[in-house]
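Participant:
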Amino acid sequence: AQTVTQSQPEMSVQEAETVTLSCTYDTSESDYYLFWYKQPPSRQMILVIRQEAYKQQNATENRFSVNFQKAAKSFSLKISDSQLGDAAMYFCATQGGSEKLVFGKGTKLTVNP
Amino acid sequence: DSGVTQTPKHLITATGQRVTLRCSPRSGDLSVYWYQQSLDQGLQFLIQYYNGEERAKGNILERFSAQQFPDLHSELNLSSLELGDSALYFCASSAGGSNEQFFGPGTRLTVL
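Going down the list, the protein sequences come from chains A and B.
Those letters in the first sequence? Residues 755 to 867, by my numbering.
Those letters in the second sequence? Residues 3 to 114, by my numbering.
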């Protein structure tokens, strides 16, 4: 079974600053993927970034990057130069061989102007 | 716009009733996934279909059923509705395997 834990229900950041959202996971699978999804007030689920567990290099997408620590089963998301449009719920998720996504409970990010 | 469409956007019904939620996947995607997002349970996987066949089942109640039709659209049927079934129901589609899942806008179900 796979589990995902997001220990920060809420976080806040000042516009233009950097914030890191935490995620830990547990899985018995050797081949798996990790994701961060963003859910703005519109409720649309938007993929932010994806990491293949077999890749040691941390994934990066523009202002978004991850810190993937496989041994520690940690997968944190760093948002640089935060913008007002980054305000949303952020969900960490894992996917193994079964293809289903297993989500954490989410972190609500507030961006202060 | 993800390319995945879901209808209706909102649905309000009474306990004991039955409803059908519809999903059209992105063009070319063979896999359809259904997820439920509720306040107490969070986002949970319900069921997956691949090219018309059930591929995986998650925490789906026996009162719920789904199918995928030859044109690849999918329907999620919810029956004997209870107050606790009120949630946002997402459909996602992908090419299958570890390919990205694209989410539809969701159907907000309210059971009164």
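C-beta atoms are modelled at their ideal positions from N, C-alpha and C, and glycine is treated no differently.
As the structure is a prediction and not an experimental result, all values here were calculated from the model.
Got a sec: is the Cβ-Cβ distance from A58 (chain B) to anything in chain A below 8 angstroms?
Facilitator: Yes, contact with chain A.
Participant: Run down chain B in chain order and give the residues with a C-beta less than 8 angstroms from the C-beta of K768 (chain A).
Facilitator: Sequence check: residue 768 (chain A) is Gln here, not Lys. Simply none; closest approach about 28 angstroms.
Participant: Using a Cβ cut-off of 8 angstroms (strictly closer), state whether F47 (chain B) contacts chain D.
Facilitator: Protein chains A and B are contained in the structure displayed, whereas chain D is not.
Participant: Using a C-beta cutoff of 8 angstroms, does G44 (chain B) count as contacting chain A?
Facilitator: Chain A contact via Cβ: present.
Participant: Would you kindly work out how many angstroms separate the C-alpha atoms of D73 (chain B) and L838 (chain A), rounded to a whole number?
Facilitator: Each residue's alpha carbon lies about 40 angstroms from the other.
Participant: Can you list the residues of chain B that M799 (chain A) reaches, using a CB-CB cut of under 7 angstroms?
Facilitator: Here the neighbours are F92 and F105.
Participant: Out of A:T861, A:E853 and A:T864, state which residue places its alpha-carbon closest to the alpha-carbon of Y37 (chain B).
Facilitator: Closest by alpha carbon: A:E853.
Participant: If you check the beta carbons only, do V758 (chain A) and G850 (chain A) fall under 8 angstroms apart?
Facilitator: No; because the gap between Cβ atoms is not below 8 angstroms, this pair is not in contact.
Participant: What in chain B is Cβ-close to L788 (chain A), meaning under 7 angstroms?
Facilitator: Result: empty, since nearest Cβ-Cβ is about 11 angstroms, beyond 7 angstroms.
Participant: Using the Cα positions of V820 (chain A) and Q768 (chain A), report the straight-line distance between them to the nearest angstrom.
Facilitator: Approximately 20 angstroms, taken between the alpha carbons.
Participant: Quick one: measure Cβ to Cβ for V6 (chain B) and G106 (chain B), integer angstroms, because I've assumed they're closer than 8 angstroms.
Facilitator: Right, the Cβ-Cβ distance comes to about 4 angstroms (below 8 angstroms), so this counts as a contact.
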